[in-house]
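Here the structure is laid out as C-alpha cells; the discussion comes afterwards.
2 protein chains.
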Amino acid sequence: MSESTIDLTGLTIAVLGGTGPQGRGLARRFAQAGLNVVLGSRTTEKGEAAAKELSEAIGKSVAGADNAGASEQGDIVLVVVPWDGHGELLKSLAPQLAGKIVVDCVNPLGFDKQGAYALHVEEGSATQQAFGLLPESRVVGAFHNVSAVLLEDPEVTSIETDVLVLGDDREATDTVQALASAIPGVRGVYGGRVRNAHQVEALTANLISANRRYKAHAGIRITDV
Amino acid sequence: MSESTIDLTGLTIAVLGGTGPQGRGLARRFAQAGLNVVLGSRTTEKGEAAAKELSEAIGKSVAGADNAGASEQGDIVLVVVPWDGHGELLKSLAPQLAGKIVVDCVNPLGFDKQGAYALHVEEGSATQQAFGLLPESRVVGAFHNVSAVLLEDPEVTSIETDVLVLGDDREATDTVQALASAIPGVRGVYGGRVRNAHQVEALTANLISANRRYKAHAGIRITDV
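Sequences listed follow chains X and Y, in order.
When you line the first sequence up against the UniProt record's numbering, it's residues 1 to 225, in that order.
When you line the second sequence up against the UniProt record's numbering, it's residues 1 to 225, in that order.
Okay, structure coming up:
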C-alpha cells in the first residue's frame with residue numbers, strides 16, 4: 001500500500017481541541033475535502049457549539065462532542081490541544097484511542113519578548129509523549145507547521161506547504177500522508193520516525209520568527225521529493 | 001542595511017573542515033560565485049592538498065591552510081567540522097575568530113540501523129555551543145540542510161533549497177543570508193535566534209529519512225517568504 005492508493009472515503013476524522021484556531025482550521029479543510037469530521041472539546045456543549053458554527057460557515061455538516069466522545073467516533077483522531085494538559089488528556093483517553101491512528105499536532109512552545117522558542121519536553125517531544133502514553137494506539141506526528149491563519153481563511157483555496165509525517169508504523173504514516181494531501185495545495189511527506197518528531201514540532205518557532213521578520217505565514221516545502 | 005544590499009566582493013570565506021564533503025561542496029560554490037575561498041584542515045598540508053584538488057576541478061584558485069591559518073585569513077569563517085571535536089576546536093581558535101562572523105554549519109547527529117537521529121547537546125545545539133565558546137565572535141548558524149551531494153556535483157548548476165540563517169546579530173545574519181544567496185538556486189532566509197538553532201540542525205535527520213524513503217536529496221523551501 002502506498003499513500004496514493006489509500007481511500008479515506010467514509011472515514012471519520014476527530015479533532016480533539018477542535019475549538020482552537022489550528023483545530024478548527026484543520027477540521028474546516030477536512031470537511032471541505034468531503035471527510036466526516038467531529039470536533040472535540042472539553043465539554044459536549046462547547047464541541048457542539050463549535051461544530052455548529054463551522055457547519056454554518058462552510059455549508060457542510062460537522063459533528064461536535066466532548067473529547068472522549070470525539071475519540072470514540074473518530075477513525076483517525078487528531079490531537080490539537082494546548083501543550084499544557086496534553087499528557088493528562090491523552091492518558092485519560094487511552095481506552096477510547098486504543099487501536100486508532102492518533103495524530104499528534106502539538107507544538108510545545110514558549111513565548112517571551114524575543115519571540116517563540118521550543119520548550120524542553122521530558123519525553124523528547126509531544127509525539128513521543130503520546131507514543132509513551134498510548135501504547136495501544138498507532139501514534140503519528142503531523143500538521144505541526146501549517147499556519148492556522150491560512151487554514152481558517154475562507155479565501156485561501158490552496159495552502160502551499162508540505163506536512164512532515166512522523167511515525168514508526170508505515171501503514172499509519174501512509175494514511176496520514178493521504179489525509180494531509182486531501183487539503184488542496186498540501187502534500188504529506190514522510191519525515192522519519194517518532195524519535196525525530198521534536199525538531200519538526202520545534203521548527204514552528206523558526207517559522208514564527210520568519211513570520212515576524214517577513215510579515216508572512218511561512219510554511220515549508222521539501223525539495224527533490 | 002538589508003540582505004539584498006550587502007556586497008560580498010573582496011571578502012574571504014574560510015571553510016574549516018574544508019576537506020569533508022559538505023565543506024568542500026560549500027567552498028566549491030562560493031569560489032564559483034567569485035568569492036575568495038580558503039579551505040582549512042587539521043594540517044596545512046591537508047588544507048593545501050584539498051585546495052589544489054578543488055582549484056583544478058573548478059578552474060578557479062582556492063587557497064588552503066590549517067584551521068588556525070584559515071581562521072586568520074577569513075572575513076567570514078564557516079565551521080563544517082565533525083561534531084566530535086567541535087567544541088575543542090572552536091575553543092582553541094577563539095583568538096583567531098575574534099571579531100569575525102563565524103557560521104556554524106554542524107549537525108550533531110547519530111546513526112544506527114533505524115537511520116539518523118539528533119544527538120543530545122548539553123548547550124542545546126552546535127550553534128549555541130559555538131556561541132558560548134566564542135564570546136568575541138559574531139556567531140550565526142546556517143547551511144545545515146544543504147545536500148553535500150548536490151553541492152559537490154558539477155552537473156548541478158542550481159540547488160533548489162533555502163538556507164535558514166539563525167543568529168542574534170542582525171548585520172551578521174543579513175550578511176550570511178547574502179552569502180547563502182550567492183549560490184545559484186539557494187536563498188538565505190532568516191530563521192530565528194541562536195536559541196532556535198537546535199531544531200534546524202536536527203531537521204537534517206528528517207531530511208535523511210526522506211532521502212531514504214524517496215531516493216532523493218531533500219532540501220527545504222520556506223513558503224510565503
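Glycine included, C-beta positions come from ideal geometry on N, C-alpha and C.
Being a predicted model, the structure only gives us computed values, none of them experimental.
So what's residue i in DSSP terms, helix, strand or just coil?
i	result
residue 234 of chain Y	Because chain Y is modelled from 1 through 225, residue 234 of chain Y falls outside the range shown and cannot be assessed.
X:Ser55	helix
X:Val77	strand
X:Leu11	coil
X:Thr44	helix
X:Ala50	helix
X:Thr5	helix
Tell me which residues share the same chain as residue i and place their Cβ nearer than 8 Å to its Cβ, disregarding the 5 neighbours each side in the sequence.
i	result
Y:Gln128	Val121, Val194, Arg195, Ala197 and His198
X:Leu80	According to the sequence shown, residue 80 of chain X is Val rather than Leu. Within the same chain, X:Val80 has close Cβ partners Val15, Leu16, Gly17, Gly18, Gly20, Gln22, Gly23, Leu26, Cys105, Val106 and Phe143.
Y:Lys60	Ala31 and Gln32
On the criterion of 16 or more Cβ atoms from any shown chain inside 10 Å, does residue i qualify as buried, or is it exposed?
i	result
X:Phe111	exposed
X:Thr161	buried
Y:Pro95	exposed
X:Gly10	exposed
X:Glu136	exposed
X:Ser158	exposed
Y:Thr43	exposed
Y:Asn206	buried
X:Gly115	buried
X:Ser209	buried
Y:Gly69	buried
Y:Pro108	buried
Just to confirm my understanding: we take residue i, look at its own chain, exclude 5 residues before and 5 after, and list those with CB closer than 7 Å. What are they?
i	result
X:Pro21	Ala148 and Glu152
X:Met1	Note that X:Met1 has pLDDT 46, beneath the 50 cutoff, so the model's placement of it is unreliable and the number below is only indicative. Closer than 7 Å at Cβ, skipping near neighbours: Glu171 and Asp174.
X:Asp168	Arg193 and Val194
Y:Lys215	none
X:Leu97	Ser71, Val77, Leu134 and Ser137
X:Val225	Val189
Since residue i is in the beta strand (DSSP E), which residue starts that stretch and which ends it?
i	result
X:Glu127	Correcting the residue type first, residue 127 of chain X is Thr in the shown sequence and not Glu. Unbroken run through X:Thr127 is the alpha helix (DSSP H), Ala126 to Leu133; no beta strand (DSSP E).
X:Leu109	Leu109 to Asp112
Y:Ser41	Asn36 to Ser41
X:Ile141	The residue asked about is misnamed: residue 141 of chain X is Gly in this sequence, not Ile. That run of the beta strand (DSSP E) goes Arg138 to Gly141.
X:Ala118	Gly115 to Ala118
Y:Val106	Per DSSP, Y:Val106 belongs to no beta strand (DSSP E) and is neither H nor E.
X:Gly18	No beta strand (DSSP E) contains X:Gly18, which DSSP labels as neither H nor E.
X:Thr223	Gly219 to Thr223
Keeping to the same chain, check which residues put their C-beta closer than 6 Å to that of residue i; ignore five residues upstream and five downstream.
i	result
Y:Gly25	Ala148, Leu151 and Glu152
Y:Ala182	Ala33
X:Cys82	Here residue 82 of chain X is Pro; the residue named in the question, Cys, does not match the sequence. Hits under 6 Å: none found.
X:Pro99	Note that residue 99 of chain X is Gly in the sequence shown here, rather than Pro. Counting only Cβ-Cβ distances below 6 Å, and skipping sequence neighbours, we find nothing.
Which residue marks the beginning of the alpha helix (DSSP H) containing residue i, and which one marks its end?
i	result
Y:Val149	Ala148 to Glu152
X:Gly23	Pro21 to Gln32
Y:Ala94	His86 to Leu97
How about residue i: is its Cβ closer than 6 Å to a heavy atom in the ligand COA?
i	result
X:Leu203	Absent from the structure shown: the ligand COA. Ligands present: none.
Every unbroken alpha helix (DSSP H) inside the segment 166 to 210 of chain Y [4 residues or more]:
170 to 181
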